[in-house]
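> Convert by adding 1 to the 1-based position in the sequence shown; the result is the number in our numbering.
For every residue, glycine included, the Cβ atom is placed at its ideal position computed from N, Cα and C.
I have a structure I would like to understand better, so I am pasting it below and will then ask my questions one at a time.
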Amino acid sequence: MHQLPYRDYGSWMERMFPFKVQKLPLDAGFTCPNRDGRLGWGGCSYCNNEAFTPNYHRQKHLISEQIQAGKEFFQCKYPKMRFIAYLQAHTNTYAQTSYLKSLYEQVLQEKDIVGLVIATRPDCVNNELLDYLQEISQRTFVVVEYGIETANESTLERINRGHNFMCSQNAVQQTANRGILTCGHIILGLPGEDHAESLRQASIISRLPLNILKIHQLQIVKNTQMEQWYNKDPFPLYSIDEYVALLAGYIQRLRSDIVLERFVSQTPPHLLVAPNWGVKPQEFNERLIKYMYEKNVWQGKMNDRPISP
């Protein structure tokens, strides 16, 4: 078996845990400062949280009910599986620290939960919260996942993020300084960003002290402002082959020690406007790996060093 041309998340997780683990996406009922009027209304131009709400907890409101439904969904296949609670919907640090502590501790006390991943915005953390997350990271698996999206200031303003790139840099640095596992989320193909601009940003993102990076293609999702833009004046979207080539170039400009968790997003068909590639994530990964082998590129080739075992 060939070594993968990038540091993959699955192998990393196998080294982190002596048993099989599965992320359980959860909706803790948060909103977002870009939706409730603190920064703006309507959210980021590309965002529709319904697009990543799992079917197994659409009718569940309590966190404990969502966890139980998720466990039943996955344990049918792997009875001895353990779980990482993934607070995914909206901004999961957007509340008073006292409330967040209560919520996180409740989640961690659920049976078979062995860790916590907290998806949030870089402008929604503070020192008090990060100090607490540092404390719990010393007793369980904790990842803070920041929506960075892009390092381009004009794009951040265009997509209505409500913060600049310096905000992302500061949040990532402050989190990493406390020894908390830190993940960044990036979208490739945002309006106004071409192939060259994405590659320019790769080294900028790589300089952040990230442990994990999630990358995916821009998808136009129904009931978003970006859908309205696209319908009014369609802008270029990557074909699967174009995206594979871009991604390979991006990956070789990243530090070789960053764990790459994801390369594509899957929006439910009833919410997807474009592009519709018709491939599953594993099929896409195989296509990417084949391309990288053929082109003799690997993660870190243009940054520092080949991946160590």
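#1: Which of the three DSSP states is assigned to residue 91 in this structure?
#2: Compute the beta-carbon to beta-carbon distance between residue 263 and residue 207, rounded to the nearest angstrom, for a pair I have assumed lies under 8 angstroms.
#3: Three or more C-beta pairs closer than 8 angstroms, one from the region 13 to 26 and one from the region 267 to 283: is that the case here?
#4: Using the Cα positions of residue 210 and residue 150, report the straight-line distance between them to the nearest angstrom.
#5: Whose CA, out of 67, 127, 43, lies closest to the CA of residue 29?
#6: Would you mind stating whether residue 123 and residue 172 have Cβ atoms separated by less than 8 angstroms?
#7: If the criterion is Cβ atoms closer than 8 angstroms, does the pair residue 84 and residue 118 meet it?
#8: Leaving out the 5 sequence neighbours to the left and right, which residues in its chain are closer than 6 angstroms to residue 1 when beta-carbon positions are compared?
#9: Fully enclosed by the region 99 to 141, which beta strand (DSSP E) runs are 3 residues long or longer?
#10: Is DSSP giving residue 147 helix, strand or coil here?
#11: Residue 184 and residue 143 - do their beta-carbons sit closer together than 8 angstroms?
#12: On the three-pair Cβ rule with 8 angstroms, is the region 187 to 196 touching the region 4 to 15?
#13: Looking at the strands, I want to know which residues DSSP matches up with residue 183.
#14: In angstroms, rounded to a whole number, what distance separates the CA positions of residue 7 and residue 147?
#15: At the level of alpha carbons, what is the spacing between residue 296 and residue 217?
#16: If you follow the beta strand (DSSP E) that residue 262 is part of, which residue opens it and which one closes it?
#17: In this structure, does DSSP put residue 273 in helix, strand or coil?
#18: Go ahead and pull the three-state DSSP assignment for residue 22.
#19: When we look at the beta-carbon of residue 251 and count the other beta-carbons within 10 Å, is it buried (16 or more) or exposed?
#20: Using 8 angstroms for Cβ pairs, my map puts residue 95 next to residue 31. What's the rounded Cβ distance?
#21: State the Cα-Cα distance for the pair residue 309 and residue 202, rounded to the nearest angstrom.
#22: Going along the chain, which unbroken runs of the alpha helix (DSSP H) with 4 or more residues stay wholly within the region 195 to 275?
#23: May I have the straight-line CA-CA distance separating residue 164 from residue 283, to the nearest angstrom?
#24: Helix, strand or coil for residue 172? Go by DSSP, reduced to three states.
#25: State the start and end residues of the unbroken alpha helix (DSSP H) segment that holds residue 286.
#26: Using the Cβ count rule (16 or more neighbours within 10 Å means buried), how would you classify residue 213?
#27: Where does residue 160 sit, in a helix, a strand or coil, going by DSSP?
#28: For residue 168 and residue 97, I'd like the C-alpha separation in whole angstroms.
#29: In terms of residue numbering, what span does the alpha helix (DSSP H) encompassing residue 31 cover?
#30: Please identify the residue among 72, 293, 102 whose C-alpha is closest to the C-alpha of residue 246.
In this structure, then:
#1: By one-based count along the sequence shown, residue 91 stands at place 90. Looking at residue 91 - three-state DSSP - the assignment turns out to be coil, as it is neither helix nor strand.
#2: The sequence position of residue 263 within the sequence shown is 262, counting from 1. The sequence position of residue 207 within the sequence shown is 206, counting from 1. At roughly 17 angstroms, the Cβ-Cβ gap does not stay under 8 angstroms, so residue 263 and residue 207 are not in contact.
#3: no
#4: In the sequence shown, counting from the first residue as 1, residue 210 sits at position 209. In the sequence shown, counting from the first residue as 1, residue 150 sits at position 149. Residue 210 and residue 150: Cα-Cα distance of roughly 16 angstroms.
#5: Sequence index remark: in the sequence shown, residue 29 carries index 28 (1-based). For the residues 67, 127, 43, the minimum Cα distance to residue 29 belongs to 67.
#6: In the sequence shown, residue 123 corresponds to position 122, counting from 1. In the sequence shown, residue 172 corresponds to position 171, counting from 1. The answer is yes: Cβ separation under 8 angstroms.
#7: For this step, residue 84 is matched to residue 83 along the sequence shown. For this step, residue 118 is matched to residue 117 along the sequence shown. Taking 8 angstroms as the Cβ cut-off, residue 84 and residue 118 do not qualify as a contacting pair.
#8: Beyond the ends of the chain as shown, which are 2 and 310, falls residue 1; an answer cannot be given.
#9: 114 to 121
#10: Locating residue 147 in the sequence shown gives position 146, where the first residue counts as 1. Of the three classes helix, strand and coil, the one that applies to residue 147 here is strand, per DSSP.
#11: Here residue 143 refers to the residue found at position 142 of the sequence shown. Here residue 184 refers to the residue found at position 183 of the sequence shown. Against a cut-off of 8 angstroms, the Cβ pair of residue 184 and residue 143 comes out as no contact.
#12: no
#13: Working through the sequence shown from its first residue, we reach residue 183 at position 182. In DSSP, residue 183 forms a bridge with 145.
#14: Your numbering for residue 7 matches position 6 in the sequence shown. Your numbering for residue 147 matches position 146 in the sequence shown. The alpha-carbon atoms of residue 7 and residue 147 are separated by roughly 21 angstroms.
#15: Residue numbering aside, residue 296 sits at position 295 when the sequence shown is read from its first letter. Residue numbering aside, residue 217 sits at position 216 when the sequence shown is read from its first letter. If I take the Cα positions, the gap works out to 21 angstroms.
#16: On the sequence shown, residue 262 is found 261 positions in, with the first residue counted as 1. Unbroken beta strand (DSSP E) run through residue 262: 260 to 263.
#17: If you number the sequence shown from 1, residue 273 lands on position 272. Here residue 273 sits in strand by DSSP.
#18: Counted from its first residue, the sequence shown places residue 22 at position 21. In the structure shown, residue 22 sits in a strand (DSSP, three-state: E or B).
#19: As a first step, residue 251 must be located in the sequence shown, where it is residue number 250. It is buried - the Cβ of residue 251 has at least 16 other Cβ atoms within 10 Å.
#20: Residue 95 sits at position 94 when you count from the first residue of the sequence shown. Residue 31 sits at position 30 when you count from the first residue of the sequence shown. That belief holds up - the Cβ atoms of residue 95 and residue 31 are roughly 5 angstroms apart, short of 8 angstroms.
#21: Along the sequence shown, one-based indexing puts residue 309 at 308. Along the sequence shown, one-based indexing puts residue 202 at 201. Its pLDDT being 41, under 50, residue 309 is placed unreliably in this model, and the coordinates cannot settle the point.
#22: 196 to 207, 226 to 233, 241 to 252
#23: As a working note, residue 164 is residue 163 in the sequence shown. As a working note, residue 283 is residue 282 in the sequence shown. Spanning the two alpha carbons is a distance of roughly 33 angstroms.
#24: In the sequence shown, counting from the first residue as 1, residue 172 sits at position 171. Note: residue 172 maps to helix in three-state DSSP.
#25: Here the question's residue 286 lines up with position 285 in the sequence shown. Looking at the DSSP string, the run of the alpha helix (DSSP H) that includes residue 286 is 282 to 296.
#26: Your numbering for residue 213 matches position 212 in the sequence shown. With 16 or more Cβ atoms within 10 Å of its Cβ, residue 213 is classed as buried.
#27: The residue labelled residue 160 in the question sits at position 159 within the sequence shown. Looking at residue 160 - three-state DSSP - the assignment turns out to be coil, as it is neither helix nor strand.
#28: As a first step, residue 168 must be located in the sequence shown, where it is residue number 167. As a first step, residue 97 must be located in the sequence shown, where it is residue number 96. Rounded to the nearest angstrom, the two C-alpha atoms are 20 angstroms apart.
#29: Start at 1 with the first residue of the sequence shown, and residue 31 comes out as number 30. It is not in any alpha helix (DSSP H) - residue 31 carries neither H nor E in the DSSP assignment.
#30: Numbered from its first residue, the sequence shown carries residue 246 at position 245. The candidate whose alpha carbon is nearest that of residue 246 is 293.
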